[in-house]
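The opening position of the sequence shown corresponds to residue 37 in this note's numbering, with each subsequent residue numbered one higher. We put the CB at the ideal spot given by N, CA and C, even for glycine.
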Amino acid sequence: MLSCSPQKENIISISAPGETGIIGGISVNSNDYPFYVQLLIQQKSTKIHFCGGTLIRPSWILTAAHCLYDVKMEKLILSRASQSIQGDGGENLKIKKVFLHPEFDRATLKNDIALIYLENSSQSNFIIPILNSENDTAPSYLELVGWGYTSYPNTLPNSLQWLQKIQRAPTQDCQFHPEWQETHSIQLGMMCIYTDLDQKSNCIGDSGGPLFYRTAENQFVLVGVTSWGSACRKIKKWNYAGFSDVSYYQQWIRDTITPTH
37 MLSCSPQKEN IISISAPGET GIIGGISVNS NDYPFYVQLL IQQKSTKIHF CGGTLIRPSW
97 ILTAAHCLYD VKMEKLILSR ASQSIQGDGG ENLKIKKVFL HPEFDRATLK NDIALIYLEN
157 SSQSNFIIPI LNSENDTAPS YLELVGWGYT SYPNTLPNSL QWLQKIQRAP TQDCQFHPEW
217 QETHSIQLGM MCIYTDLDQK SNCIGDSGGP LFYRTAENQF VLVGVTSWGS ACRKIKKWNY
277 AGFSDVSYYQ QWIRDTITPT H
């Protein structure tokens, strides 16, 4: 089992049961995905990327709860639209407060969702709306972006990676998949996805990042938050992953944001 977190200094003590990042993705310009935010840890003179997040309001970032569990907030750095794995060239964002879902379960990753409230609003006018399950239906194919490892065990990308043709899978495909039976079960609020092309998978480094689609008008819509994924050491024809379903958590997101914004 591999940790999705930096290993030095025990800054983040969680070891997630999945490995999340992108193998087989395409290099893209970060400015084309201005809602994507890097979560980095400051270790001496080095900044280490360990998770992703999504700007859903000018002052709010949505991410995975396990990314923030046991984090020393004074060492946490946020960088939006950065141009390197170290977060260089992006907009630095300061944290005011962090909200983990009150029923987050570290062991099962149930309710693996969290919000970061910023000290000041982002300079970006671009925020990504959340899928409203009552009015909208996500298409068959979804996309994700991230700065996670591009090959196992330690190859990091030089630019943001994009993966397409990601399909939502029936819950039972993940629920009873042999890789997950011992450590995973699809909980209420989770969604299962798979990629159907060889050598495409998520790996280490992008828990918390966005799963999304584009409308016919080329507008982005957020569908999920990366929670756990196929082991990138064992890339197969079908690679499964679990995401927190943002439409399921709409009310919690509204209730958390409303008192402060």
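Check whether residue i and residue j have beta carbons under 7 Å apart
i, j, result
"Ala277", "Gly260", "no"
"Ser63", "Ser169", "no"
"Ile166", "Val282", "yes"
"Leu75", "Gly89", "yes"
"Asn67", "Ala117", "yes"
"Leu247", "Phe279", "yes"
"Gln200", "Glu179", "yes"
Among the options, nearest to residue i - alpha-carbon criterion
i, options, result
"Lys111", "Leu129, Pro94, Ala100", "Leu129"
"Cys87", "Cys103, Thr294, Pro94", "Cys103"
"Leu151", "Asp291, Lys132, Thr99, Cys228", "Thr99"
"Tyr230", "Cys210, Leu154, Glu127", "Cys210"
"Ser243", "Ile289, Tyr105, Asp124", "Tyr105"
"Lys133", "Leu114, Asp124, Ile121", "Leu114"
"Gly245", "Ser160, Trp183, Leu154, Phe162", "Trp183"
"Ile97", "Val73, Arg142, Ser120, Met109", "Val73"
"Arg142", "Gln119, Gln223, Gln79", "Gln223"
"Gly225", "Phe256, Gln255, Ser263", "Ser263"
"Gln122", "Gln78, Tyr285, Val181, Asn161", "Gln78"
"Gln255", "Arg93, Phe162, Ile289, Ala101", "Phe162"
"Lys108", "Ile131, Ile293, Ser158, Tyr284", "Ile131"
"Pro70", "Ser160, Pro295, Tyr284, Pro94", "Ser160"
"Asn171", "Gln286, Pro295, Asn65, Glu127", "Gln286"
"Ile289", "Ser158, Tyr153, Cys228", "Tyr153"
"Asn65", "Pro295, Ser158, Leu91, Gly125", "Gly125"
"Ser158", "Ile92, Thr292, Cys228", "Ile92"
"Pro94", "Asp291, Val181, Glu127", "Glu127"
"Tyr284", "Thr292, Gln119, Met227", "Met227"
Three-state secondary structure (DSSP) of residue i
i, result
"Ala101", "helix"
"Ile62", "strand"
"Gly57", "Only weak support exists for where Gly57 lies, its pLDDT of 46 falling under 50; the value from the coordinates is given anyway. Residue state, collapsed to three classes: coil."
"Glu127", "strand"
"Thr251", "coil"
"Asp242", "coil"
"Lys83", "strand"
"Ile121", "coil"
"Thr90", "strand"
"Lys111", "helix"
"Gln78", "strand"
"Ile293", "helix"
"Gln208", "helix"
Minimum Cβ-Cβ distance from residue i to chain C less than 7 Å
i, result
"Ser195", "Considering every chain present, this structure includes no chain C. It has just one protein chain."
**OP:** Report yes or no: do three or more beta-carbon pairs, one from the region 139-148 and one from the region 78-97, lie closer than 8 Å?
**Re:** no
**OP:** Would you check if there are 3 or more beta carbon pairs closer than 8 Å linking the region 132-139 to the region 201-208?
**Re:** no
**OP:** Could you tell me whether the region 243-254 touches the region 171-185, using the rule of 3 or more Cβ pairs below 8 Å?
**Re:** yes
**OP:** Just list the beta strand (DSSP E) runs in the region 129-194, keeping only unbroken ones of 3 residues or longer that don't cross its boundaries, in chain order.
**Re:** 131-136, 150-154, 177-182
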